[in-house]
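Residue numbers (the working numbering): 146 to 684.
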Amino acid sequence: METTSVDVLVVGGGATGAAAAYDLARRGVRVLLVDQNDLTTGTSGRYHGLLHSGGRYVITDFDTAVECITENLILRRIAPFAIEDTGGLFVATSQDPDDFPARWVAACARAGIATEALTPEQARALEPALTRDITAVYRVPDASCDSFDLNHGFITAARTYGGDAWIYQRVTGFLTDGDAVVGAELEDTRTGERRRVHAACVLNATGPWAGVVAGLVGLDVKIRLDRGSMVAMNIRWVNTIVNRLRPPSDGDILVPVGTVCVLGTTSIRTEDPADTHVDVSEVSTLLREADVVVPGIRQGRALRAWAGVRPLYEPPAELAQLESGHNVSRRFAVIDHTERDGLRGLVTVVGGKLTTCRLMAEQAVDVVCRQLGISARCTTADEPLPVPETSPRHYHQLTHRVHRLEHGEMPGALICECEVVTRPQLEARIAAYGDQPVALDDLRRDLRLGMGPCQAGFCGYRAAGILHAAKGLSPGDATRALGAFVGERFRGVRPLLYGHQLRQLYLDELIYRRTLGLDTLLTLDQPQPEGVSDAGSEA
Ligand SMILES: Cc1cc2nc3c(=O)[nH]c(=O)nc-3n(C[C@H](O)[C@H](O)[C@H](O)COP(=O)(O)OP(=O)(O)OC[C@H]3O[C@@H](n4cnc5c(N)ncnc54)[C@H](O)[C@@H]3O)c2cc1C
146 METTSVDVLV
156 VGGGATGAAA
166 AYDLARRGVR
176 VLLVDQNDLT
186 TGTSGRYHGL
196 LHSGGRYVIT
206 DFDTAVECIT
216 ENLILRRIAP
226 FAIEDTGGLF
236 VATSQDPDDF
246 PARWVAACAR
256 AGIATEALTP
266 EQARALEPAL
276 TRDITAVYRV
286 PDASCDSFDL
296 NHGFITAART
306 YGGDAWIYQR
316 VTGFLTDGDA
326 VVGAELEDTR
336 TGERRRVHAA
346 CVLNATGPWA
356 GVVAGLVGLD
366 VKIRLDRGSM
376 VAMNIRWVNT
386 IVNRLRPPSD
396 GDILVPVGTV
406 CVLGTTSIRT
416 EDPADTHVDV
426 SEVSTLLREA
436 DVVVPGIRQG
446 RALRAWAGVR
456 PLYEPPAELA
466 QLESGHNVSR
476 RFAVIDHTER
486 DGLRGLVTVV
496 GGKLTTCRLM
506 AEQAVDVVCR
516 QLGISARCTT
526 ADEPLPVPET
536 SPRHYHQLTH
546 RVHRLEHGEM
556 PGALICECEV
566 VTRPQLEARI
576 AAYGDQPVAL
586 DDLRRDLRLG
596 MGPCQAGFCG
606 YRAAGILHAA
616 KGLSPGDATR
626 ALGAFVGERF
636 RGVRPLLYGH
646 QLRQLYLDEL
656 IYRRTLGLDT
666 LLTLDQPQPE
676 GVSDAGSEA
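What follows is the structure in structure tokens.
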């Protein structure tokens, strides 16, 4: 069995793990990060896209609000390529509690979150789609953040300092020596190949899986798992983040991300870290609540729905009884298992927000370094990250790509018309994976392939042909790659079977199932999930 030795093994390639790998590498530690899938495929790739100002938490979770505004300002400085400075609005309507805005403004002032009162007319001049029923509105320093780009930034930077990251490597067990963890056993989730990594310390940064991973060595880490769903509308209904000015609840926020506007979120307790099911009733709630602040939005075209699982650190007993995950603290915990369980060489970091990932990493790495007797301090807030290869020079907007296309900077055939992805771009990304297998979904995360209105209806089969040629895949493997990609795209459309997207899915089904004979795909012949017609009639 192949064996590798490093100082620290980071398990988990979400925002927390990636930021930790960068932090360790900067402190001169030999670090390897592993993830069971591609980077950013856990909660960090399934989040709402909001770089919080802290305004959302300032009444219910003050310390988290302070962490958010502090880290918001740092991430803007170190990762501008991943952040679009949309600004944010908090909007109260006649449906919301009267006394909330005054309390909220006072709490923002205490937390150091800048607020600017606008008149309803000023707010509508900024965002013409806003409701006329505005009782109070404030501007805050929210922004939208592309987590794929942010994570690639952390990993690119970690590599420049000598660190490394391996994807599709699952930790299946720990290596122990007496009362110490001394490494982990890995399994390649694509080939089944097994290997060992020896490490003086392992950092468990597996988000919603943190309890499962700690359980591999018999430890009990309680995580409250809270599933939240989101819906992407096909255009940017707003260019500013719009939050409801009320106590946190379902369907409070609209986030313009790239080419779309994401409505979210819900909060449903789950027991499964991989539970990404979207209930049709959640779609109805999100459309109904968004329509209060942006009237007419529920008649718009919804592209796709998806869900992620919040890894909330299990709070004290009385809080664990709370019905809604909206009320559970977003604070994070760093667990030194030497102190808590008498097991050296293992540290767990869990909870928090994507916005606070750098701070979570800093505090977790401080504990790791203490265990290893390393005194180097954290410097990740000091310098900008290098712009990752997968990222454009600036935050992704479709107009940037169209501009480059029109000015001859993106030659070659257009493969994905919705997101403007060309054949040479696809070929370059495939080549960047070298000998490693590459899935069409990996290329989606890198280039936004198949993320537009047709949800891979037209680009899927073209990209599969290019992958087939570039990697010398057998026809069977290329067909399976296509089936997996398009099937996953269709899964996100399935809770939205009404209006334009229903028509689109019929067309895509004609292309893939009836014409190309891909029977592995989700078909419209299958029974509809309960409540589908409700979402349609509401919209
Ligand atoms: C619906 C929703 C909306 C949200 N919106 C926002 C928002 O707008 N702004 C914000 O700041 N935060 C938001 N959050 C919170 C934020 O997304 C999370 O706090 C953050 O992404 C957690 O990152 P992480 O790295 O800790 O976990 P993850 O991103 O889940 O990373 C954990 C990784 O560990 C890997 N892993 C698990 N087990 C193993 C194993 N055995 N071996 C190897 N790898 C393994 C997984 O594959 C995964 O990639 C939202 C969360 C949800 C659910």
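Glycine included, C-beta positions come from ideal geometry on N, C-alpha and C.
- In chain order, 405, 406, 407, 408, 442, 445, 446, 447, 448 place their CB closer than 8 angstroms to the CB of residue 378, counting only its own chain and leaving out the 5 sequence neighbours on each side.
- If you check the C-beta of residue 375 against ligand 1, you find a heavy atom less than 7 angstroms away.
- Counting along the chain, the unbroken alpha helix (DSSP H) around residue 505 starts and ends at 502 to 517.
- Nearest to residue 334 by C-alpha distance, out of 245, 582, 215, is 582.
- Between the segment 320 to 327 and the segment 156 to 169, the count of C-beta pairs closer than 8 angstroms stays below three; the two stretches do not touch.
- Between the C-alpha atoms of residue 629 and residue 580 there is a straight-line separation of about 21 angstroms.
- Boundaries of the beta strand (DSSP E) around residue 261: 261 to 263.
- It is roughly 17 angstroms from the alpha-carbon of residue 315 to the alpha-carbon of residue 151.
- With a cutoff of 8 angstroms on beta-carbon distance, residue 344 and residue 328 are scored as near each other.
- Apart from sequence neighbours up to five positions away, the residues of its chain that approach residue 223 with a beta-carbon distance below 6 angstroms are 529, 530, ordered along the chain.
- CA-CA distance, residue 357 to residue 516, rounds to 23 angstroms.
- From the listed residues 265, 211, 298, 250, the smallest Cα separation to residue 532 is found for 298.
- Not a single heavy atom of ligand 1 lies less than 7 angstroms from the C-beta of residue 240.
- Taking the C-beta atoms as reference points, residue 235 is found nearer than 8 angstroms to residue 390.
- With the rule of 3 Cβ pairs closer than 8 angstroms, the segment 198 to 216 does not count as touching the segment 589 to 606.
- Under the 8 angstroms Cβ criterion, the segment 425 to 432 does not count as touching the segment 257 to 268, having fewer than three qualifying pairs.
- Sequence-distant Cβ neighbours of residue 511 in its own chain, meaning closer than 6 angstroms and more than five residues away, do not exist here.
- In the structure shown, residue 459 adopts coil according to DSSP, grouped into three states.
- Proximity to residue 598 across 613, 478, 584, 634 peaks at 634, based on C-alpha coordinates.
- Per the DSSP secondary-structure output, residue 375 pairs in a beta bridge with 409, 451.
- Less than 8 angstroms separates the beta-carbon of residue 495 from that of residue 366.
- Taking non-hydrogen atoms of ligand 1 into account, the C-beta of residue 233 is found less than 7 angstroms away from none of them.
- For ligand 1, no non-hydrogen atom lies closer than 7 angstroms to the CB of residue 616.
- Between ligand 1 and the CB of residue 181, the shortest heavy atom gap is smaller than 7 angstroms.
- Inter-residue distance for residue 562 and residue 489 is about 53 angstroms (C-alpha atoms, whole angstroms).
- Looking at the DSSP output, residue 190 bridges to nothing.
- Of the heavy atoms belonging to ligand 1, at least one sits nearer than 7 angstroms to the Cβ of residue 195.
- When the five nearest sequence neighbours on each side are left out, the beta carbons in the same chain lying within less than 6 angstroms of the beta carbon of residue 524 are those of 171, in order along the chain.
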